[in-house]
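Below: one structure, written as structure tokens.
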Amino acid sequence: MKTAISPTRAENFPEWYQQVVAEADLAVNSPVRGCMIIRPNGYGIWERIQKLLNDRIMETGHENLYFPLFIPLSFFSKEAEHVEGFAKEMAVVTHHRLKMIDGELKPDPDAKLAEPLVVRPTSETIIGHHFRESVKSWRDLPLLWNQWANVVRWEMRTRLFLRTAEFLWQEGHTAHATAEEARAETMKMLGVYVDLCDNVLAMPTISGEKPAHERFPGAESTFSFEAMMQDGKALQAGTAHYLGTHFSKAQDIKYQNKEGGLDYCHTTSWGVTTRLIGGMIMTHGDDDGMRIPPRVAPRHVVILPIQRGAPEDEAVLAYCESLAAELRGQAYAGEPVRVFVDRKDERAVDKRWAWIKKGAPIICEIGGRDVASGNISFYRRDKLREGEKLAMNSLPCAQFIAGMSGLLAEVQAQLFADAKKRLDANIVKDVDSFDALKAYFAGKAGENEDSFRGWLLVPWKRPEGEAGETLLETLKQLKLTTRNVPFGQEGKPGKPCIFTGEPADEMVLIARSY
RNA sequence: CGGAGUGUAGCUCAGACUGGUAGAGCACUGCUUUCGGGAGGCAGGGGUCGUGGGUUCAAAUCCCGCCACUCCGACCA
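Per the working numbering, the first sequence starts with residue 983, numbered consecutively.
This is the structure in structure tokens:
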């Protein structure tokens, strides 16, 4: 069968991913190593995520504000774990002027900054600085802040959307009087994210707490939600951290309590990034390209006029425009239906495949015959093929328009259902020995590393000290990672830890990961 | 930062061993035939062959230096 993307997912998943990003016109590599140019089709998705997530962040009582891109180097030296976590990947600004030296533009040696500035890899330190300035009394708390920004982490190896040197995100930072309140905030925002993933991105996740060695540098506890990609690997879709008083002690963020004494604030931070787009590609994409869930699709319906260089073309175009206008009068998920009439001077069939690859949920093709019959011919991107052929649907115009809201909801639900089914079906819970774990990931006869492997949920005893190091090394050699300890576990498993044989504390998710 | 590889048209690459007028496919432009299912023909535009030096009558090709990128590792949202 001829597919729009080559290789297919089964043939070579990583290469398939790169091809989809290119063919769906989502992003390209930039002249700057590791940074991406996000093309309109990709940025349009990000704008949808921004809007719908921002609404939810506002609904939960937060305020948006903005901090500088540059952070004084000295700010990082205050929290030891934090600086250790990020030191290896920070971009540093050292000069403020260029000068022509021997015919070449170079940083002017006479224009060296007294203190180097770090391009933010995350903003805990500079926001903490302003927390300190903003908090005097218990009456000032809580502070519930969020900013939309870009950050830079100088990664060695990058992949479009999944790991880039610069990426876009939202970072929430809050300060509270008590640990209970800060912990509740962390969980609340994790819930917001999970809701976004389920109901907007149609990307189901497993949320839980990260083991100690996977915590955010400087966090007391880190929570993640993990999505399963179509090759079985886990993708950390986002995180929320309870930072305890680590940062407030390092940065002296204190408030006067009701009794008149001074207490340290408890802080949190939480974020999701443009990586979500990469997650959606690997969750919903098929061998014909991207499939965008309607909630985040820049265009719900794309209308392709079939032009024949004949007098009837005008009537076809007019018909398309009036159909578009009527569709725009319809609402889906509380917003007008987003319609685009693609009038580009190309054959309809070529444009059709372009939009299939871009992932538009509904693609209509309108020719003279449709104008005459009053029927609309369209493809659903979630159910594109019937066997090898494309599945063309047909509905009377009025019915098509009136049913659009329901149709989009159906597409959205279908994408989620498919992803949820895959996630639920591929978490293996009955592996109870280390040998069985190795056998599961090793595969059958050969070394087929790219074949699908799901996740294991296994009993373990939380490793401490040297035992932890050993376990990590063991997993690393198998190219495995601990993802998180899923929520909702009641009591201890009542089974032995598969690594040590001692009584297990809890069940932990183990998977290959991005 | 280790290991490997590659730099020639927008993209994928051939040409290099054996020095002698810069090539193909796709994409792009124009014309044309097709026209409801990823079309075909004709004609075009486009490259200081990564960069600096050397050898030579002559260098994409041989020699030396440098730079960049990609892939595989370690690190990570």
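Backbone N, C-alpha and C define an ideal beta-carbon position, used for all residues, glycine too.
Simplified DSSP state of residue i, which is helix, strand or coil
{"i": "residue 1466", "result": "coil"}
{"i": "residue 1531", "result": "The structure shown does not extend to residue 1531, since the chain spans only 983 to 1496, so no value can be given for it."}
{"i": "residue 1495", "result": "strand"}
{"i": "residue 1413", "result": "coil"}
{"i": "residue 1181", "result": "helix"}
{"i": "residue 1248", "result": "strand"}
{"i": "residue 1040", "result": "helix"}
{"i": "residue 1306", "result": "helix"}
{"i": "residue 1376", "result": "strand"}
{"i": "residue 1225", "result": "strand"}
{"i": "residue 1004", "result": "helix"}
{"i": "residue 1145", "result": "strand"}
{"i": "residue 1511", "result": "Residue 1511 is absent from the structure shown; the chain starts at 983 and stops at 1496."}
{"i": "residue 1387", "result": "helix"}
{"i": "residue 1210", "result": "strand"}
{"i": "residue 1427", "result": "Note that residue 1427 has pLDDT 37, beneath the 50 cutoff, so the model's placement of it is unreliable and the number below is only indicative. Coil."}
{"i": "residue 1048", "result": "coil"}
{"i": "residue 1168", "result": "helix"}
{"i": "residue 1264", "result": "helix"}
{"i": "residue 1176", "result": "helix"}
{"i": "residue 1188", "result": "strand"}
{"i": "residue 1232", "result": "helix"}
CA-to-CA distance, residue j to residue i, given in whole angstroms
{"i": "residue 1137", "j": "residue 1188", "result": "26 Å"}
{"i": "residue 1089", "j": "residue 1074", "result": "13 Å"}
{"i": "residue 1057", "j": "residue 1123", "result": "23 Å"}
{"i": "residue 1174", "j": "residue 1456", "result": "35 Å"}
{"i": "residue 1107", "j": "residue 1061", "result": "8 Å"}
{"i": "residue 1230", "j": "residue 1156", "result": "11 Å"}
{"i": "residue 1430", "j": "residue 1410", "result": "A caution first: residue 1430 carries a pLDDT of 43, below 50, which makes its placement in the model unreliable, though a value can still be read off. Near 20 Å, if we compare the C-alpha coordinates of residue 1410 and residue 1430."}
{"i": "residue 1323", "j": "residue 1311", "result": "15 Å"}
{"i": "residue 1262", "j": "residue 1178", "result": "12 Å"}
{"i": "residue 1037", "j": "residue 1130", "result": "13 Å"}
{"i": "residue 1490", "j": "residue 1225", "result": "22 Å"}
{"i": "residue 1319", "j": "residue 1307", "result": "10 Å"}
{"i": "residue 1416", "j": "residue 1480", "result": "5 Å"}
{"i": "residue 1248", "j": "residue 1110", "result": "11 Å"}
{"i": "residue 1474", "j": "residue 1468", "result": "13 Å"}
{"i": "residue 1342", "j": "residue 1360", "result": "12 Å"}
{"i": "residue 1294", "j": "residue 1288", "result": "10 Å"}
{"i": "residue 1478", "j": "residue 1191", "result": "20 Å"}
{"i": "residue 1340", "j": "residue 1274", "result": "8 Å"}
{"i": "residue 1022", "j": "residue 984", "result": "27 Å"}
{"i": "residue 1098", "j": "residue 1080", "result": "16 Å"}
{"i": "residue 1254", "j": "residue 1209", "result": "13 Å"}
{"i": "residue 1096", "j": "residue 1083", "result": "22 Å"}
{"i": "residue 1507", "j": "residue 1435", "result": "There is simply no residue 1507 to check, as the chain begins at 983 and stops at 1496 in what is shown."}
{"i": "residue 1412", "j": "residue 1440", "result": "8 Å"}
{"i": "residue 1424", "j": "residue 1055", "result": "45 Å"}
Proximity to residue i [Cα-Cα], best of the options
{"i": "residue 1065", "options": "1141, 1102, 1131, 1077", "result": "1102"}
{"i": "residue 1290", "options": "1337, 1246, 1350, 1281", "result": "1350"}
{"i": "residue 1285", "options": "1400, 1025, 1080, 1347", "result": "1347"}
{"i": "residue 1041", "options": "1127, 1081, 1063, 1110", "result": "1127"}
{"i": "residue 1446", "options": "1482, 1366, 1322, 1012", "result": "1482"}
{"i": "residue 1405", "options": "1214, 1287, 1452", "result": "1214"}
{"i": "residue 994", "options": "1269, 1292, 1024, 1293", "result": "1269"}
{"i": "residue 1299", "options": "1271, 1274, 1272, 1330", "result": "1330"}
{"i": "residue 1282", "options": "1254, 1400, 1440, 1338", "result": "1338"}
{"i": "residue 1120", "options": "1099, 1160, 1316, 1083", "result": "1160"}
{"i": "residue 1250", "options": "1167, 1207, 1182, 1185", "result": "1167"}
{"i": "residue 1497", "options": "1335, 1206, 1232", "result": "Because the chain spans 983 through 1496 in this model, residue 1497 falls outside it and cannot be assessed."}
{"i": "residue 1071", "options": "1100, 1059, 1176", "result": "1100"}
{"i": "residue 1403", "options": "1163, 1369, 1212", "result": "1212"}
{"i": "residue 1171", "options": "1495, 1035, 1369", "result": "1035"}
{"i": "residue 1389", "options": "1412, 1353, 1344, 1441", "result": "1344"}
Residue i Cβ short of 7 Å to the ligand COA heavy atom set
{"i": "residue 1247", "result": "Of ligands this structure carries none, so the ligand COA is not represented either."}
Do the region 1228-1243 and the region 1112-1124 touch if we need at least three Cβ pairs shorter than 8 Å? yes
Report yes or no: do the region 1251-1259 and the region 1214-1231 share at least 3 C-beta pairs separated by less than 8 Å? yes
Pairs of beta-carbons, one from the region 1001-1020 and one from the region 983-991, closer than 8 Å: are there three or more? yes
Going residue by residue through the region 1053-1134, where are the continuous beta strand (DSSP E) segments of at least 3 residues, counting only ones entirely within it? 1074-1077, 1080-1083, 1086-1089, 1094-1101, 1125-1134
Is there contact here, the region 1026-1037 with the region 1270-1282, by at least three beta-carbon pairs under 8 Å? yes
Check whether the region 1006-1024 and the region 1133-1147 are in contact - that is, three or more C-beta pairs closer than 8 Å. yes
Can you find at least 3 beta carbon pairs, one from the region 1358-1365 and one from the region 1373-1381, that sit closer than 8 Å? yes
Entirely within the region 1330-1367 and at least 4 residues each: give me those alpha helix (DSSP H) ranges in chain order. 1330-1340, 1350-1355
Could you tell me which uninterrupted beta strand (DSSP E) segments, each at least 3 residues in length, are contained entirely in the region 1267-1308, listed from first to last along the chain? 1283-1287
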